[in-house]
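Chemist: Chains A and B supply the protein sequences, listed in that same order. Residue 11 is where the first sequence starts when you use the numbering used here, and the numbers rise one by one after that. Residue 22 is where the second sequence starts when you use the numbering used here, and the numbers rise one by one after that. Note that CB positions come from ideal geometry on N, CA and C, so glycine has one too.
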Amino acid sequence: MTVPTGNPLPEVPPLTMDTLLQGVWRENPTLVMMLGMCPTMAVTNSLRNALAMGLATAFVLIGSNALVSMLRKLVPGTVRIATYIVIIASFTTVVDYAIQAISLTLYGALGAFIQLIVVNCIILGRAEAYASRRPVLHSVVNAAGVGIGFTLGLVMLGGVRELLGSGSLLGVPIFGPGFQPWVIMLLPPGGFFVLGSWLLLLNWLRGRRPGASPASVPVHNHGR
Amino acid sequence: MTNSAPLPPPVSSRRMLATLGITALVSGVLVVSAYEINRPQIEANQRQALEQAVFRVLPGARTHRSFVVTDDQLRPLGDHHAEGVVVHAGYDRDGKLVGIAAEATARGYQDIIRLLYAYAPDCQCITGVYVLRNNETPGIGDKIATDPAFLANFRALAARLNSDRTALAHPIVAVKHGKKHAEWEIDAISGATVSSRAVGKALNDSAQTLVPVVQRQVTVLTRAPQEAP
């Protein structure tokens with residue numbers, strides 16, 4: 011292509027393993043990009059909640075990215091955000107009903123955070139920055155990677171917080187009756203402590219690797 | 022957008038409308054089919070959750086029937102389009118009334134606490150409490166749902182009527198831990214007095230109006246299983 015267009019990514023790179031792995035590790039939404047912090051802090055007080063939230067978000071991510079990518083040539087730029095939000099909201103409602111059908115206890119535990127997937131910046135970000143410019147298969151694979159990455163991040167937080175805060179994993183007691191749970195881990199400060207500790211550990215590991223410095227890691231700081 | 026960037030070609034309003042219209046249509050189909058597919062399961066879950074809670078506060082009950090309290094009358098739920106407080110009567114294997122279960126709510130430390138409590142008309146007492154929903158502080162206030170010593174308060178908490186049978190003779194109250202002296206008082210959890218008081222308030226608010234009706238209409242409840250299909 012010789013004529014410059016408004017589209018910054020006119021050529022489609024080949025589908026590689028990196029399309030998937032990008033979101034899982036190098037640009038992990040929770041541990042590297044620091045996106046979606048609101049549900050991350052709120053629902054990771056147990057492994058089960060973290061896993062359910064991660065999978066629900068991954069489903070919405072994959073479904074909406076597929077549809078956005080399918081419609082990318084039809085949707086005019088002027089109404090794209092409205093279209094994406096409607097698509098994301100539809101998939102979120104589907105997940106909302108599905109979780110109510112699976113377990114009302116789980117639905118009660120996740121509370122409003124299922125509905126709030128609509129405004130999750132990871133999903134709108136992927137739709138805008140990736141799916142609106144790539145073929146369906148690329149978008150689905152990339153969304154799956156980001157979904158796995160988000161679930162991984164939540165599970166890493168939820169596992170530690172449940173283990174220390176309740177002395178159990180998936181509701182199964184691990185430490186026996188003599189264990190005094192650290193209640194603070196289930197409260198909001200515990201979420202920040204655990205996330206901070208994970209980031210410290212991961213950045214330290216990254217810094218030790220030759221040829222990489224922690225400063226080169228892109229850090230984005232968004233509110234939600 | 023800066024002036025140097027090439028402007029995108031103008032989009033006709035018809036195309037914008039069509040795009041949004043089609044998206045809304047697709048969205049509508051998706052949401053409605055998800056709702057229709059999941060509805061039977063969601064309703065079954067809700068029924069099961071209610072039944073589990075009713076049988077949990079009324080151990081010994083094998084079947085239950087629901088009633089609505091309207092204008093000081095107990096009417097079977099479903100027969101009338103009546104609005105009001107719903108109570109669930111539990112019956113044992115022989116069809117004898119075990120007790121009734123009703124919902125009670127009060128504002129706790131964080132959010133509304135929803136309880137299901139059992140009331141036994143023959144002993145005029147509250148015989149069990151099950152927390153349906155609470156957002157109390159984990160490890161402190163949420164002990165109202167699990168603390169065995171606290172739940173022991175509700176094995177036979179007096180809820181007797183006064184002499185003119187219009188309200189409770191003694192309001193149900195939660196008192197500070199270790200200060201319980203009367204059989205209508207609830208011994209609060211140490212460190213979770215606010216949540217414990219909320220439980221007391223919820224029970225009192227509900228029982229003050231419900232117990233007089235239930236006692237007056239207890240025959241409606243006891244003959245219910247024979248009428249059941």
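Using 8 Å as the cut-off, can you tell me whether the region 159-172 of chain A makes contact with the region 60-67 of chain A, which would need three or more C-beta pairs spanning the two stretches below that distance?
Modeler: Per the Cβ contact rule, the region 159-172 of chain A is in contact with the region 60-67 of chain A (3 or more Cβ pairs under 8 Å).
Chemist: Would you grab the beta carbon distance between residue 171 of chain A and residue 201 of chain A for me? Rounded to a whole angstrom, and I think it's under 8 Å.
Modeler: 7 Å
Chemist: Keeping to the same chain, check which residues put their C-beta closer than 8 Å to that of residue 50 of chain A; ignore five residues upstream and five downstream.
Modeler: 40, 163, 164, 167, 201 and 205
Chemist: Using the rule of at least 16 other Cβ atoms within 10 Å of the residue's Cβ for burial, across every protein chain shown, is residue 58 of chain B buried or exposed?
Modeler: exposed
Chemist: With a threshold of 8 Å between beta carbons, is residue 12 of chain A in contact with chain B?
Modeler: The predicted position of residue 12 of chain A is uncertain, since its pLDDT is 42 and thus under 50; a value taken from the coordinates is nonetheless stated next. No, its Cβ sits nowhere closer than 8 Å to a Cβ of chain B.
Chemist: Residue 219 of chain B to residue 25 of chain A, Cα distance in whole Å?
Modeler: 58 Å
Chemist: What's the call for residue 205 of chain B, buried or exposed, on a 16-neighbour Cβ count within 10 Å?
Modeler: For residue 205 of chain B, the number of other beta carbons within 10 angstroms of its own is at least 16, and it is reported as buried.
Chemist: Checking contacts by CB at 8 Å: is residue 140 of chain A closer than that to chain B?
Modeler: no
Chemist: Quick test of the definition: if touching needs 3 or more C-beta pairs under 8 Å, does the region 126-141 of chain A touch the region 91-107 of chain A?
Modeler: yes
Chemist: Starting from the Cα of residue 61 of chain B, find the closest Cα among A/128, A/116, A/112 and A/175 and give me that residue.
Modeler: Taking only the C-alpha atoms, the option nearest residue 61 of chain B is A/112.
Chemist: Between the C-alpha atoms of residue 29 of chain A and residue 74 of chain B, what's the straight-line distance to the nearest angstrom?
Modeler: Using only the alpha carbons, I get a separation of about 48 Å.
Chemist: Assess contact between the region 119-133 of chain B and the region 208-219 of chain B, defined as three or more Cβ pairs (one per stretch) separated by less than 8 Å. Is contact present?
Modeler: yes
Chemist: Kindly indicate which residue of A/192, A/69, A/114 and A/147 has the alpha-carbon position closest to the one of residue 23 of chain A.
Modeler: A/147
Chemist: Residue 118 of chain A touches chain B at which residues, Cβ-Cβ below 8 Å?
Modeler: 154
Chemist: Which ranges would you report for the alpha helix (DSSP H) in the region 142-189 of chain A if only whole runs of at least 4 residues count?
Modeler: 146-176
Chemist: Whole-angstrom Cβ separation of residue 181 of chain B and residue 189 of chain B, contact assumed at under 8 Å?
Modeler: Contact flag correct, Cβ pair sits at about 7 Å.
Chemist: Taking its Cβ as the centre, do 16 or more other Cβ atoms sit within 10 Å of residue 144 of chain A, making it buried, or is it exposed?
Modeler: Under this definition residue 144 of chain A is a buried residue.
Chemist: Quick one: list the residues of chain B neighbouring residue 182 of chain A, beta-carbon separation under 8 Å, in chain order.
Modeler: In chain order: nothing, as chain B lies at least about 17 Å away.
Chemist: Does the region 102-113 of chain B touch the region 83-90 of chain B, meaning 3 or more C-beta pairs lie closer than 8 Å?
Modeler: yes
Chemist: Using a threshold of 8 Å, state whether the C-beta atoms of residue 95 of chain B and residue 234 of chain B are closer than that.
Modeler: yes
Chemist: Reducing DSSP to helix, strand and coil, say where residue 27 of chain B ends up.
Modeler: coil
Chemist: When the cut-off is 8 Å and only beta carbons count, does residue 162 of chain B lie next to chain A?
Modeler: no
Chemist: DSSP state of residue 100 of chain A, grouped into three classes?
Modeler: helix
Chemist: Check whether chain B comes within 8 Å of residue 114 of chain A, counting only Cβ atoms and requiring the distance to be less than that.
Modeler: yes
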